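Residue numbers (UniProt numbering): 1 to 403.
From the three backbone atoms N, C-alpha and C, an ideal C-beta is built for every residue, glycine too.
Note that the coordinates shown come from a computational prediction; the quantities given were computed from them, not determined experimentally.
For reference, the structure is listed below as C-alpha cells.
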C-alpha cells in the first residue's frame with residue numbers, strides 16, 4: 001500500500017448542499033438502527049463529488065458526526081480506499097493504468113505525455129483543468145494502453161492521440177470516449193477475423209431455408225409430372241435428380257410438421273430406464289423423475305389455528321429474552337416473533353411439534369426456518385441457561401450433523 005495522507009491545506013469547514021444532504025439522509029435510512037455506519041462509503045463518495053473531486057478533512061469529520069462514528073474510523077476508510085482523493089485534483093482527473101498489459105502496449109510513453117502536458121504526478125495544472133496519477137489495473141486490458149478520466153474510459157491510446165485528447169479536454173472541446181481507433185469492444189486491431197460475412201447475422205438469411213425447400217419441392221413436382229406420375233428409373237441421372245428433389249420436399253414437410261407441433265418446446269424430463277417395461281419398476285434416481293434430492297426435506301402439511309401455541313401480549317415483567325441468541329434469528333425475525341407474542345425461551349421450549357409448525361407457517365418469507373433449525377431444541381437449551389453455541393450445537397445434533 002502507498003502512503004496516503006491528507007492534504008496540508010484544508011478548507012475551514014464542509015456542509016452538504018441541501019440536495020446532497022437529503023440524498024445522504026436517504027442512504028442512512030436504508031440501514032437499521034445501530035447500523036448507520038454502513039452508509040460511510042456512499043457518503044464519503046458524495047462529499048468527494050461535491051468538493052471538486054477530492055475529500056477534505058472537514059467532510060470526514062462531518063460524516064463521522066452524521067453516522068455517530070469515531071472520526072478515526074471514518075478516517076481509516078477514507079485513507080484505505082484509493083477511490084477517495086485526499087488532495088486536490090484537476091477538473092479532468094487522469095488515472096493512467098501502468099500495470100503489465102498497458103505497460104507492454106505503451107503506457108510509459110503516455111506518462112511522458114502527462115509530464116509534458118500536465119506536469120508531475122499528483123500536480124494540478126496551473127489552469128486547474130488537469131491532473132494525473134498512475135494507478136493499478138482498470139480492467140480494460142484488451143484495449144491497452146488506456147486511462148480513466150473522471151468517469152470515462154479512453155482506450156487504444158497513442159502518444160499522439162492522447163496528447164490531442166488532453167488538449168481537447170483542456171479547451172472544452174467534445175471528445176470521444178472508449179476506443180480512440182474505432183475498435184468495437186475487444187475486436188482485433190486489424191479487423192474482424194471471424195463472422196466477417198455480415199449476411200450471417202444481419203437477418204437477411206431468415207426464411208431462406210423455407211424458400212429453398214419450396215423451390216426444390218416445386219422442381220420435384222414438375223419432374224414427376226413429366227414422367228406421368230410414375231416412379232422414375234433410379235439408374236437414370238434425371239430420375240436420380242428428381243428423387244433428390246423429392247427428398248427435399250419430404251424435408252420441407254418434416255420441418256413444417258415440427259413447427260406445427262411447437263419446435264423448441266422443452267423436452268420431457270429425464271427418466272430412468274425401465275426394468276420390466278413398467279415405469280414403476282424403474283430404478284429410482286435421486287433428483288430425477290420426481291425423486292427428492294439427497295437431504296431434501298418435504299414441506300410439512302399446514303396446521304389449523306388450533307395448533308397455535310400460548311402467546312403473550314407483552315413480555316413478562318416488562319423484559320423478554322434476547323431471541324437473537326437462537327441460531328438463525330436476527331433482528332427482523334425477532335421483531336416478527338414479538339409481534340406474534342413470543343418473548344421468552346421457555347415459551348418456545350414448551351411448544352409441541354404442531355405449535356412449532358403453526359409458528360413456522362406464519363413466518364412469511366422466513367417460513368421453514370423454525371422447523372429446519374430446531375427452535376424447540378434450542379429454546380430448551382437457552383431456557384436452562386445454555387449459550388448460543390450450545391443451542392446451535394444441540395440443533396445440529398438433532399438434525400443428525402456431526403458437531
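Answer with buried or exposed for residue i, where buried requires no fewer than 16 other C-beta atoms within 10 angstroms of its C-beta.
i: residue 380; result: buried
i: residue 114; result: buried
i: residue 83; result: exposed
i: residue 398; result: exposed
i: residue 166; result: buried
i: residue 154; result: buried
i: residue 46; result: buried
i: residue 60; result: buried
i: residue 143; result: buried
i: residue 97; result: buried
i: residue 195; result: exposed
i: residue 145; result: buried
i: residue 360; result: buried
i: residue 127; result: exposed
Ignore the nearest five residues each way along the sequence and tell me which others in residue i's own chain have a CB closer than 6 Å to its CB.
i: residue 337; result: 323
i: residue 95; result: 133, 135, 148
i: residue 321; result: 344, 345
i: residue 10; result: 56, 57
i: residue 351; result: 309, 376
i: residue 77; result: 40
State the DSSP-derived secondary structure class of residue i, mapped to helix, strand or coil.
i: residue 192; result: coil
i: residue 84; result: coil
i: residue 148; result: strand
i: residue 119; result: coil
i: residue 342; result: coil
i: residue 178; result: strand
i: residue 184; result: coil
i: residue 401; result: coil
i: residue 213; result: helix
i: residue 322; result: coil
i: residue 372; result: helix
i: residue 55; result: coil
Among residues of its own chain, excluding the 5 on either side of residue i, which ones have a beta-carbon nearer than 8 Å to its beta-carbon?
i: residue 141; result: 101, 102
i: residue 392; result: 327, 378
Leaving aside the five residues before and after residue i along the sequence, list all residues of the same chain whose C-beta is less than 7 Å from its C-beta, in chain order.
i: residue 4; result: 79, 86
i: residue 119; result: 125
Per DSSP, residue i forms a beta bridge with which residues?
i: residue 162; result: Residue 162 pairs with nothing; no bridge assigned.
i: residue 134; result: 96
i: residue 155; result: 179
Is residue i close to chain C, meaning its C-beta is less than 8 Å from at least one C-beta of that chain?
i: residue 307; result: This model lacks chain C altogether; it includes just one protein chain.
query: Counting pairs of beta carbons, one from the stretch 49-57 and one from the stretch 81-97, are three or more of them closer than 8 Å?
result: yes
- request: Determine contact between the stretch 327-337 and the stretch 366-376, defined as no fewer than three beta-carbon pairs at a distance below 8 Å.
  value: These segments touch.
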